[in-house]
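J.:
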């Protein structure tokens, strides 16, 4: 099927050509994934138990962090730790930190002054549920707690890993905020092409935290330089691919609903991959990024099976 | 003059009785203080230069952090470092971090969904100047940068100090947010008396970051256990006293303007020291806290002169 011919259908973004190249076994065992997510959720809840926050703030944070969501970032950290030869559970503090950062960003992004979204994961957004003031403050608290979880002396993290993990949290969060500024308020160098602007937005807005999640998992597993380089390569490719696939799914959804959402994006002055590169061009970018991520995951050997499974899952997702 | 007799006048909160007790020399040299603040501001600007943020975000952060303000917290860190026997400049990274946290909290507190303030330090608040979205995002970025400055490898901080400083930033920030939640959204245990609620709010909302600033200065100076204990005692007393004096100045201002602001506080369900303890009772609390802070500063010997000077300045301020 040539690129672009199925613009109106919600089909997998990657082509079969790509999936045939898989050498490292792919681990997409749904029961295992569910067990991992259950363990991550229990760890988040247990960390929050230990924080002894005031009740209303605690409730708001649990609502935002634990209510739904796929825990993609903690699972990436888990699989990256496995790919570097350790049990995935060693990545749990890193996973909690990135999930807190991700959840804080959603809470603030949903605010009326930002995206003004009333629904998130099928439930009222936090500012609808608990009011804007609580949403602002709970977001601030979640960001702070992300640093606390890395420094928590009761976790099994090696001391030498903590400063590196904190550096990853900072870099990922800062880049995410810069990406959000670029996406909603502009301010990018005028000399950039539209495609360069898109890359700049998404490498920062979505990619940086996904990359941080993977690298943090590797750091928790005391990865050697080669392993960390492979994880970094994987994470940068999958981080950007994640957004391209998101844009494609949106655009394909739009086609079925007379381009309504696309119109909204254009109206808001937002750049998307399909609006800049077209459906075919965006598919090509997604496929190339998939190839890059796959090569990096395979370079980690059999232990990379979990990362390969996640890559397939993300590439072929329908929502 | 008996307590409470000058409710309508904006007079120093501490009585002369207290100031006569000063034994450690007080250093309130205004030229020296100005030099310190200039050095702190230059360091904040230099740190932001190194962050290479996107232009509009960078401008918003500089507007919020460097536009006015007394730099109380960085100066406290500086004087605490001096009191522990080192040059105050060793505290600069700590000072930048606490000032970023303080500035972020003001930006978010000023938002329409929070205190809805249009003016701050005689200029439009950041959301008036740059829009609400930028104010939310710039606040988030400032909070993140506070952690970055402590981890910045180019600073002269001793490696062993960094985790302790990060712990102080976390504890101070988390407590500040909890205090803001209590102050604006309630949620305190019903079993507490009004005075206990007031203490709980202000120890968290204002006191914790002031305390963190002092302790961080001491940590930068590699304080011994006794010094750190004295600085902690000083910081807890001055942190709470700061808010009591604030409330008194507000209440005294109110008396001159027919209690307008007091009415606003009561209407908003906000507790203040004068509304709970009366003017006389609040003065007594401020004086007792002054005594505690003074004793702690004096226990640090001649090097505590800068802290004593700050205590006098804060106790006797008119705004």
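Residue numbers (our numbering), protein chains in the order written: chain A, 63 to 381; chain B, 63 to 381. Ideal Cβ positions, reconstructed from N, Cα and C, are used throughout, including at glycine.
Given the structure, does residue 360(A) come close to the ligand HEM, in the sense that its CB is under 7 Å from one of the ligand's heavy atoms?
T.: What this structure holds is no ligand at all, so the ligand HEM is not there to describe.
J.: Looking at C-alpha atoms only, which residue of 129(B), 131(B), 130(B) and 154(B) is the closest neighbour of residue 141(B)?
T.: Along the second chain, read from residue 1 onward, the residue named residue 141(B) stands at position 79. Out of 129(B), 131(B), 130(B) and 154(B), 154(B) has the C-alpha closest to the C-alpha of residue 141(B).
J.: Can you check which of these residues, 171(A), 204(A) and 90(A), is closest to residue 194(B) by C-alpha distance?
T.: Counting from one through the second chain, the residue named residue 194(B) turns up at place 132. Nearest of 171(A), 204(A) and 90(A) to residue 194(B), Cα basis: 171(A).
J.: Return helix, strand or coil for residue 174(A), following the three-state DSSP convention.
T.: Taking the first chain and counting its residues from 1, one reaches residue 174(A) at position 112. Note: residue 174(A) maps to coil in three-state DSSP.
J.: At a CB distance below 8 Å, what residues from the region 216-244 of chain A approach chain B? Give them in sequence order.
T.: Within the region 216-244 of chain A, the residues whose Cβ lies closer than 8 Å to some Cβ of chain B are 224, 225, 228, 229, 231, 232, 235, 236, 239, 240, 242, 243 and 244, listed in chain order.
J.: For residue 146(A), collect the residues of the same chain with a Cβ closer than 6 Å to its Cβ; drop the 5 residues on either side in sequence, then sort them by chain order.
T.: Your numbering for residue 146(A) matches position 84 in the first chain. Cβ within range, chain order: 280, 283, 285 and 289.
J.: Going by the beta-carbon positions, is the gap between residue 348(B) and residue 334(B) smaller than 8 Å?
T.: Against the second chain, residue 348(B) aligns to sequence position 286. Against the second chain, residue 334(B) aligns to sequence position 272. Not closer than 8 Å, so no.
J.: Hey, how far is the Cα of residue 238(A) from the Cα of residue 117(B)?
T.: Reading the first chain from its first residue, position 176 is the one you call residue 238(A). Reading the second chain from its first residue, position 55 is the one you call residue 117(B). Whole-angstrom Cα-Cα distance: 15 Å.
J.: Do residue 99(A) and residue 157(A) have their CB atoms nearer than 8 Å?
T.: Within the first chain, residue 99(A) is the residue found at index 37, counting from 1. Within the first chain, residue 157(A) is the residue found at index 95, counting from 1. No, the Cβ-Cβ distance between residue 99(A) and residue 157(A) is not below 8 Å.
J.: Using a Cβ cut-off of 7 Å, which residues of the region 178-196 of chain A contact any Cβ in chain B, in chain order?
T.: Going along the region 178-196 of chain A in chain order, one finds 194, 195 and 196 with a Cβ nearer than 7 Å to chain B.
J.: Count the other CB atoms within 10 Å of the CB of residue 192(A); is the residue buried (16 or more) or exposed (fewer)?
T.: Locating residue 192(A) in the first chain gives position 130, where the first residue counts as 1. Under this definition residue 192(A) is a buried residue.
J.: List the residues that DSSP assigns as beta-bridge partners of residue 186(B).
T.: Sequence index remark: in the second chain, residue 186(B) carries index 124 (1-based). Paired residues: 181(B).
J.: Have a look at 136(A), 294(A) and 159(A) and flag the residue whose alpha-carbon is nearest the alpha-carbon of residue 109(A).
T.: What you label residue 109(A) is simply residue 47 of the first chain in a count that begins at 1. With distances taken between Cα atoms, residue 109(A) lies closest to 159(A).
J.: Flag residue 109(B) as yes if its beta-carbon sits less than 8 Å from any beta-carbon of chain A, otherwise no.
T.: Residue numbering aside, residue 109(B) sits at position 47 when the second chain is read from its first letter. So no, residue 109(B) is outside the interface.
J.: Could you have a look at residue 245(A) and say whether DSSP puts it in helix, strand or coil?
T.: Along the first chain, one-based indexing puts residue 245(A) at 183. Helix.
J.: Quick check: is the beta carbon of residue 210(A) nearer than 8 Å to any beta carbon in chain B?
T.: Against the first chain, residue 210(A) aligns to sequence position 148. Yes - at least one Cβ of chain B is within 8 Å of the one on residue 210(A).
J.: Please tell me whether residue 265(A) and residue 311(A) are closer than 8 Å, where the distance is taken between their beta carbons.
T.: Stepping through the first chain from its first residue, residue 265(A) is reached at position 203. Stepping through the first chain from its first residue, residue 311(A) is reached at position 249. Against a cut-off of 8 Å, the Cβ pair of residue 311(A) and residue 265(A) comes out as no contact.
J.: Would you say residue 213(B) reaches chain A, if we count a Cβ-Cβ gap shorter than 8 Å as a contact?
T.: Position 151 of the second chain, counted from the start, is the residue given in the question as residue 213(B). Closer than 8 Å to some Cβ of chain A, the Cβ of residue 213(B) qualifies, so yes.
J.: State the CB to CB distance for the pair residue 86(A) and residue 367(A), rounded to an integer number of angstroms; the pair is presumed to be in contact (CB under 8 Å).
T.: Residue mapping note: residue 86(A) aligns to position 24 of the first chain, counting from 1. Residue mapping note: residue 367(A) aligns to position 305 of the first chain, counting from 1. The Cβ separation is near 6 Å, so the contact holds.
J.: For a contact meaning CB atoms closer than 8 Å, what does residue 164(B) contact in chain A?
T.: Numbered from its first residue, the second chain carries residue 164(B) at position 102. Within 8 Å Cβ-Cβ: nothing; residue 164(B) doesn't reach chain A, min ~13 Å.
J.: CA-CA distance, residue 91(B) and residue 134(B)?
T.: As a working mapping, residue 91(B) is identified with position 29 in the second chain. As a working mapping, residue 134(B) is identified with position 72 in the second chain. So the two alpha carbons sit approximately 15 Å from each other.
J.: To which residues of the same chain is residue 121(B) closer than 8 Å at the C-beta, ignoring the five residues directly before and after it?
T.: As a working note, residue 121(B) is residue 59 in the second chain. 192.
J.: Count the other CB atoms, across all protein chains shown, that sit within 10 Å of the CB of residue 371(A); report buried if there are 16 or more and exposed otherwise.
T.: For the purposes of this step, residue 371(A) is identified with residue 309 of the first chain, where counting begins at 1. Under this definition residue 371(A) is a buried residue.
J.: If you draw a straight line from the C-alpha of residue 128(A) to the C-alpha of residue 227(B), how long is it?
T.: Here residue 128(A) corresponds to residue number 66 of the first chain, with the count starting at 1. Here residue 227(B) corresponds to residue number 165 of the second chain, with the count starting at 1. Taking the straight line joining both Cα atoms gives about 30 Å.
J.: Consider the Cβ of residue 275(A): report whether some Cβ of chain B lies at a distance smaller than 8 Å.
T.: Reading the first chain from its first residue, position 213 is the one you call residue 275(A). Judged by the 8 Å Cβ criterion, residue 275(A) is not in contact with chain B.
J.: Counting beta carbon pairs with one atom in the region 231-247 of chain B and one in the region 196-210 of chain A, are three or more of them shorter than 8 Å?
T.: Enough Cβ pairs lie closer than 8 Å, so yes.
J.: Could you check if residue 369(B) is buried or exposed, using at least 16 other CB atoms within 10 Å of its CB as the buried criterion?
T.: Here residue 369(B) refers to the residue found at position 307 of the second chain. By the 10 Å Cβ count, residue 369(B) comes out buried.
J.: Flag this pair as yes or no: are the beta carbons of residue 163(B) and residue 271(B) separated by less than 8 Å?
T.: As a position in the second chain, residue 163(B) is number 101, starting the count at 1. As a position in the second chain, residue 271(B) is number 209, starting the count at 1. Yes. Within cutoff.
J.: Please look up how many angstroms separate the CB atoms of residue 196(A) and residue 166(A), rounded, as I've assumed it's under 8 Å.
T.: Reading the first chain from its first residue, position 134 is the one you call residue 196(A). Reading the first chain from its first residue, position 104 is the one you call residue 166(A). Their Cβ separation, rounded to whole angstroms, is 13 Å, which puts residue 196(A) and residue 166(A) out of contact at 8 Å.
J.: Just mark residue 360(B) as buried or exposed, buried being the case when its beta carbon has 16 or more other beta carbons within 10 Å.
T.: What you label residue 360(B) is simply residue 298 of the second chain in a count that begins at 1. Buried, since its Cβ has 16 or more Cβ neighbours within 10 Å.
J.: According to DSSP, is residue 217(B) helix, strand or coil?
T.: Here residue 217(B) refers to the residue found at position 155 when the second chain is read from its first residue. DSSP places residue 217(B) in coil when its eight states are reduced to three.
J.: Need the endpoints of the alpha helix (DSSP H) that residue 259(B) sits in, please.
T.: The residue you call residue 259(B) lines up with position 197 of the second chain. Run containing residue 259(B): 256-264, per the alpha helix (DSSP H) assignment.
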